[in-house]
Amino acid sequence: MAVDKLILILLVLPLLGALVNGTLGKRFSNALVGGIATGVMLVSFCCAVLVFNQTNDTKIIHLFNLLKLNDFHINASLQVDALSIWMTLIVTGVGTLIHVFSMGYMSHDKGFYKFFTYLNLFIFSMLLLILGSNYFVLFFGWEGVGICSYLLIGFHYSDAEKGMANSIAARKAFIMNRIGDAGLLIGLFLILAQFNTLEFTQIAEKLALDPISANGAIVGITLCLFIAATGKSAQIPLFTWLPDAMAGPTPVSALIHAATMVTAGIYLVVRSNFLFELAPLTKDIILGIGFATSMVAAFIAMRQNDIKKVLAYSTVSQLGLMFVALGMGAYTVAIFHVTTHAFFKALLFLGSGSVIHAMSDEQDIRLMGGLAKKLPITHLTFLIGTLAIAGFPLLSGFYSKDEILGHALAHSPILYGTIMISVALTAAYMFRLYFLVFHGKFRGGEQLESHVHESKAIMTFPLVVLAILSIFGGLLNLPGIFLKNGTHWLQNFLNAHTAGLEKIHAEHASHTTILALMAVASTMTIAILIWAYYNYVKKNRLALADKELVGWQLFSNAKLYIDELYNFLFVKPIEYVSKMAYSIIEIKVLNQGIFGFANLFGKAGSLLRYWQTGLLSSYLFWMVIGLIGLISYYIIKLQFWNF
Amino acid sequence: MELLIIPLVFGLISLILPSSWSKLIGGVGAIASLALACVHLNGFDPLTQTILASSNKMAFGLTFNFGYDAFGLVMVMLTNAIIPIILLSNWNRELANNKLFTALVFFMQLGLLGLFTAQDGMLFYIFWEFTLIPIFLLLYWFGAKENNKVLFKFFIYTLIGSLAMLLALIALGSSANSFAYADLKNVQLTQEVACWIMSGFLLAFAIKIPLFPFHTWQPATYTSSPMAGTMLLSALMLKMALFGMIKWMLPLTSEGIEIMKWPVIILGTIGIIYGAIIAIKQNDIKTLFAFASISHLGLIAAGIMLFNTAAWSGAVIQIINHSLISIGLFLAADILEKRSGTRNLSELGGIAKLAPRFGFWFAVTVFAALSIPFSAGFIGEFILIKELFNFHLIVGILAATSLILGAVYMLRSYQLSMFGAPKISSFEDLSWNEIAVFIILSLLILGIGLCSSQIIEYTEPAFRVLTENLTSNQQIIE
Numbered sequence: 079m080a081v082d083k084l085i086l087i088l089l090v091l092p093l094l095g096a097l098v099n100g101t102l103g104k105r106f107s108n109a110l111v112g113g114i115a116t117g118v119m120l121v122s123f124c125c126a127v128l129v130f131n132q133t134n135d136t137k138i139i140h141l142f143n144l145l146k147l148n149d150f151h152i153n154a155s156l157q158v159d160a161l162s163i164w165m166t167l168i169v170t171g172v173g174t175l176i177h178v179f180s181m182g183y184m185s186h187d188k189g190f191y192k193f194f195t196y197l198n199l200f201i202f203s204m205l206l207l208i209l210g211s212n213y214f215v216l217f218f219g220w221e222g223v224g225i226c227s228y229l230l231i232g233f234h235y236s237d238a239e240k241g242m243a244n245s246i247a248a249r250k251a252f253i254m255n256r257i258g259d260a261g262l263l264i265g266l267f268l269i270l271a272q273f274n275t276l277e278f279t280q281i282a283e284k285l286a287l288d289p290i291s292a293n294g295a296i297v298g299i300t301l302c303l304f305i306a307a308t309g310k311s312a313q314i315p316l317f318t319w320l321p322d323a324m325a326g327p328t329p330v331s332a333l334i335h336a337a338t339m340v341t342a343g344i345y346l347v348v349r350s351n352f353l354f355e356l357a358p359l360t361k362d363i364i365l366g367i368g369f370a371t372s373m374v375a376a377f378i379a380m381r382q383n384d385i386k387k388v389l390a391y392s393t394v395s396q397l398g399l400m401f402v403a404l405g406m407g408a409y410t411v412a413i414f415h416v417t418t419h420a421f422f423k424a425l426l427f428l429g430s431g432s433v434i435h436a437m438s439d440e441q442d443i444r445l446m447g448g449l450a451k452k453l454p455i456t457h458l459t460f461l462i463g464t465l466a467i468a469g470f471p472l473l474s475g476f477y478s479k480d481e482i483l484g485h486a487l488a489h490s491p492i493l494y495g496t497i498m499i500s501v502a503l504t505a506a507y508m509f510r511l512y513f514l515v516f517h518g519k520f521r522g523g524e525q526l527e528s529h530v531h532e533s534k535a536i537m538t539f540p541l542v543v544l545a546i547l548s549i550f551g552g553l554l555n556l557p558g559i560f561l562k563n564g565t566h567w568l569q570n571f572l573n574a575h576t577a578g579l580e581k582i583h584a585e586h587a588s589h590t591t592i593l594a595l596m597a598v599a600s601t602m603t604i605a606i607l608i609w610a611y612y613n614y615v616k617k618n619r620l621a622l623a624d625k626e627l628v629g630w631q632l633f634s635n636a637k638l639y640i641d642e643l644y645n646f647l648f649v650k651p652i653e654y655v656s657k658m659a660y661s662i663i664e665i666k667v668l669n670q671g672i673f674g675f676a677n678l679f680g681k682a683g684s685l686l687r688y689w690q691t692g693l694l695s696s697y698l699f700w701m702v703i704g705l706i707g708l709i710s711y712y713i714i715k716l717q718f719w720n721f
Numbered sequence: 015m016e017l018l019i020i021p022l023v024f025g026l027i028s029l030i031l032p033s034s035w036s037k038l039i040g041g042v043g044a045i046a047s048l049a050l051a052c053v054h055l056n057g058f059d060p061l062t063q064t065i066l067a068s069s070n071k072m073a074f075g076l077t078f079n080f081g082y083d084a085f086g087l088v089m090v091m092l093t094n095a096i097i098p099i100i101l102l103s104n105w106n107r108e109l110a111n112n113k114l115f116t117a118l119v120f121f122m123q124l125g126l127l128g129l130f131t132a133q134d135g136m137l138f139y140i141f142w143e144f145t146l147i148p149i150f151l152l153l154y155w156f157g158a159k160e161n162n163k164v165l166f167k168f169f170i171y172t173l174i175g176s177l178a179m180l181l182a183l184i185a186l187g188s189s190a191n192s193f194a195y196a197d198l199k200n201v202q203l204t205q206e207v208a209c210w211i212m213s214g215f216l217l218a219f220a221i222k223i224p225l226f227p228f229h230t231w232q233p234a235t236y237t238s239s240p241m242a243g244t245m246l247l248s249a250l251m252l253k254m255a256l257f258g259m260i261k262w263m264l265p266l267t268s269e270g271i272e273i274m275k276w277p278v279i280i281l282g283t284i285g286i287i288y289g290a291i292i293a294i295k296q297n298d299i300k301t302l303f304a305f306a307s308i309s310h311l312g313l314i315a316a317g318i319m320l321f322n323t324a325a326w327s328g329a330v331i332q333i334i335n336h337s338l339i340s341i342g343l344f345l346a347a348d349i350l351e352k353r354s355g356t357r358n359l360s361e362l363g364g365i366a367k368l369a370p371r372f373g374f375w376f377a378v379t380v381f382a383a384l385s386i387p388f389s390a391g392f393i394g395e396f397i398l399i400k401e402l403f404n405f406h407l408i409v410g411i412l413a414a415t416s417l418i419l420g421a422v423y424m425l426r427s428y429q430l431s432m433f434g435a436p437k438i439s440s441f442e443d444l445s446w447n448e449i450a451v452f453i454i455l456s457l458l459i460l461g462i463g464l465c466s467s468q469i470i471e472y473t474e475p476a477f478r479v480l481t482e483n484l485t486s487n488q489q490i491i492e
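Residue numbers (this note's numbering), protein chains in the order written: chain A, 79 to 721; chain B, 15 to 492.
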């Protein structure tokens, strides 16, 4: 089939799935609802694979005119190129697996059909975001995923205990995302003012003809786009919503808050690479923010005790690393890490979901331990995910992190050194999590222990598939030392068929440097693994209760007090301004002061009340008013007329 | 002319017949009006104008000219579509069985239609004033009884504004020796005079819209009105002012635009922020929606002052969108108030669990108010903010913050009322007519979101005529 038809099918199917389940799902059985939702995902994924096989050039699919104003027009059109189809493969592929998992995970939930409606709707929005050929369609999807994210974070809003907390988390996520959205909107207007078009390819062409690097507009545009990216991809200063977003059901965390939506910011920057390449200042800022986020989040993850919170901060930290790659201009490397991260982080989240399911919804790792025997498949796959994210040799994360580290070394040895710290922290908190959950003795009490059971096949199957991908995902982009031909496949694929990227050649280090880097990284990871084993299993040092924490652990556990800081700096002042504006400007100044007709006419009103005793008198009153009005009107008229 | 006659006739019939007939008459009349508007829409070519009635110049240069261009027809269509929705949302309330209420709604419709189709300055003014009578009586008879003070404030406020507009119209008419629209438009003014005349119009419109700081009548009036009154005010009466700005004020006094656009755009922008900021901590849900409305309308008013077809295209979509959304929001607010006995957000909570259908449709309305993709507001706000941004960077950025603040107060109001643990034991879910209203509103918002480019194309010729230079006026209006 032709590419444009396939793309349309893969885009529209999730929407159709959402519509069918949303309107009729209440009457369907759970199996049918899940079947429809997962079925459309599977077909979408197959379409994506077919398109992928035919992708050899950038193709624009024009759908219809969205908006035509006198000076510009916006098309609803899609762009199929290496970047968009690669992201589509990730979204539909990982999305399908998470749909399968959800059918098991959500099977006892009353809102089963609603859940799948939202999930499908999310996929549709995400695909719009990725496949749009201009910033407007991207913005459309961008807003759409934000709303789906809101709906899914607050999915259990009526929960007796956590309902309010869930909905507060959802609101926080939505508002922080909206701050980014406002940035994107302003960026869009700046782009329109500068280029008079929002089409990616046209902007790239215009820039290629006339690079106006000196122009300050590009810096403004790229900064606005980056603000948008910090909102969606949870970077400093807009990152605090992501850990809170863990209030959503675990498959949501895996799909939206690990594998797909949060990488939209990275996608946006890669998609706009031709702009960012002309704004070295912005790239430096991205590098700095990405690095800082990566460190801060990794630090906080060290002493979190909620299994999902650890993974959430880990996601923030990994996204920070991707932004470091973007800041260095290594766009394809960032996408490579997006890919491997989607595999292992989705795996870890689903694994944690399986654990939480087994633990009767308990998420505190201090109450877990020794689950390895009881949950063999979950344990094995979680181990693979942990090793992959920690950068254990030859697993997927190893390669993608190594690419970032290689670029960092080429950029500056200091950057390399500091990023190594972040990588080391990643390994440390992940192994801590792994050992505390799966080894040692069970700490949750006998009653809880008796309920612990391995999840159904429908939940373990996606885990196995993702584990396999986490092991072999690195093969997509092998560095030069392993194969003479066919190395850096993903990088070459993306470079060849994505607007702007073809001109950017990533720096290549020599083989010896690469080998040396790999050796250092591997040694470090293995050393931390041994330390963690020694510390948490042999010496049985368990996670401490909040009261026993000392020194840096306090700060890590309290999330560096950033929520409190934001509350003090932004939330409270705005609420204060709101109250003051109402009580002072609105009431005192406007209502009682200069526009204080209230008092005046209050008195008039009490006088006139004598006229208001019954219906008849009020009629009379109005007749009089009307007559007076009419007469004065004619008088004025005559005066003016005759002069 | 039947456009005006139908509401008049049905209004009179409902006065004569007993109250038990009110619902029937209301339904039939509203549907008949809507059907007639559809007929007009069907037979209209957007490149032309339709004349409904015309007369020669009478005493004092008055004429009896009615007609509409594409924009006027859109407003007629809006009015005739909103009136049945308002009646439908009242269907299960006591008021629906009151013949006075039904008659007043029809007289209101008559006033609005007259205003939107008037092609003579004095007719415009007369209908402008006329609409005040039914709304005032509606608020007076059916509103909260203790609020005479509020009502007088509202009345005096709008009366002062109208007076200023009357003076402006007379000044214009006396130099044209006629009040016919075409003649008024052809008057050549110096910039200074144009500014004065525009100020006259502006005072009337700024109070009606309302623009900051002329809004102080609004929150109190909204909270003390019966639901239908609030709906008529926010969905239709405020739109008279926006319509007046586009159709009357700016084309007639375009010489003054360069000076006058600054204060209005600045006030509009202040209103966007001010309304939103106050809404953030409001606990009275109706007051909250009133301030949200000030925020939304500030954006539209600022956009209209840009005096170009693109901004007006955005404005017309937002005008329609705001009408639909405010009906949805005030219906939801009324349902909350009537069935829980309070409008105070801190006393509400957990209603989504007690009344899931209401929870769902209220959420849909809230999201529509947040201008999510596929809703009418998405395109409308995008165009308006874009045009303001082109006008001035700072104004654009400030307008864009409404995106964030809007999310803060809308989600807060929804969350506090609907989520968490229920604070009351029972809450009656939506009745059939309320569900129907929500469904109709949602479909319209969705449909306008999807067809926004058609609406823009439809009204664009009319806007081009209205924004064209004075020199070419003669060719356009015969």
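Idealized CB from N, CA, C, for every residue including glycine.
All values derive from a computational prediction rather than experimental measurement.
- For secondary structure counted as the alpha helix (DSSP H) over 4 or more consecutive residues, the segment 248 to 325 of chain A holds these complete runs in sequence order: 278 to 287, 294 to 310, 319 to 322.
- Around the beta carbon of Phe648(A), fewer than 16 other beta carbons sit within 10 angstroms, so the residue counts as exposed.
- The C-alpha of Gln525(A) is placed about 40 Å away from the C-alpha of Met254(A).
- By a beta-carbon distance limit of 8 Å, Asn108(A) contacts Ser185(A). Their separation comes to about 6 Å.
- Around the beta carbon of Asn79(B), 16 or more other beta carbons lie within 10 angstroms, which makes this residue buried.
- Of all residues in the segment 209 to 240 of chain B, the ones placed with a Cβ closer than 7 Å to any Cβ belonging to chain A are Pro227, Thr230, in chain order.
- Sequence-distant partners of Leu120(A) (beyond 5 residues in either direction) whose C-beta falls short of 6 Å from its own C-beta, in its chain, are Thr174.
- As DSSP reads the structure, Tyr171(B) sits in no beta bridge.
- Restricting attention to Tyr512(A), Glu653(A), Phe142(A), the CA atom closest to the CA of Asp384(A) is found in Tyr512(A).
- Residue burial is scored here from C-beta neighbours: Trp231(B) has at least 16 other C-beta atoms within 10 angstroms and is therefore classed as buried.
- Under the three-state reduction of DSSP output, His336(B) falls in the helix class.
- Within chain B, the C-beta atoms nearer than 8 Å to that of Val655(A) come from Ile291, in chain order.
- In this structure the segment 454 to 471 of chain A lies against the segment 418 to 429 of chain A, because at least three pairs of beta carbons, one per stretch, are closer than 8 Å.
- Contact fails between the segment 400 to 412 of chain A and the segment 320 to 334 of chain A, because fewer than three Cβ pairs, one in each stretch, are under 8 Å apart.
- Taking a C-beta cut-off of 7 Å against chain B, the contacting residues of the segment 130 to 159 of chain A are Asn143, Leu144, Leu145, Lys146, Leu147, Asn148, Asp149, listed in chain order.
- Here Phe226(B) has Leu281, Ile284, Gly285, Tyr288 as same chain residues with Cβ atoms under 6 Å from its own Cβ, once five neighbours each way along the sequence are excluded.
- Under the Cβ distance rule, Gly265(A) does not count among the residues neighbouring chain B, no pair being separated by less than 8 Å.
- In this structure the segment 233 to 250 of chain B does not lie against the segment 178 to 187 of chain B, because fewer than three pairs of beta carbons, one per stretch, are closer than 8 Å.
- Spanning the alpha carbons of Met380(A) and Leu263(A) requires a straight line of approximately 36 Å.
- A residue is called buried when at least 16 other Cβ atoms come within 10 angstroms of its Cβ; Thr591(A) does not meet this threshold and is exposed.
- Any Cβ of chain B closer than 8 Å to the Cβ of Leu97(A) would place that residue at the interface, and such an atom is absent.
- The segment 564 to 580 of chain A and the segment 275 to 288 of chain A touch, with three or more beta-carbon pairs separated by less than 8 Å.
- For Lys137(A), there is no enclosing alpha helix (DSSP H); the enclosing beta strand (DSSP E) has its first and last residue at 137 to 147.
- The residues Met254, Ile257, Gly258, Thr308, Gly309, in chain order, have a CB closer than 7 Å to that of Leu316(A) in the same chain once the five nearest residues on each side in sequence are set aside.
- Near chain A, meaning a CB-to-CB distance below 7 Å, the residues of the segment 312 to 336 of chain B are Thr323, Ala324, Ser327.
- Ala194(B) sits in a strand when the DSSP states are folded into three classes.
- In chain order, His310 place their CB closer than 6 Å to the CB of His336(B), counting only its own chain and leaving out the 5 sequence neighbours on each side.
- Of the candidates Thr195(A), Trp319(A), Gln569(A), Gln569(A) places its Cα closest to the Cα of Leu161(A).
- DSSP, read as helix, strand or coil, puts Thr64(B) in strand.
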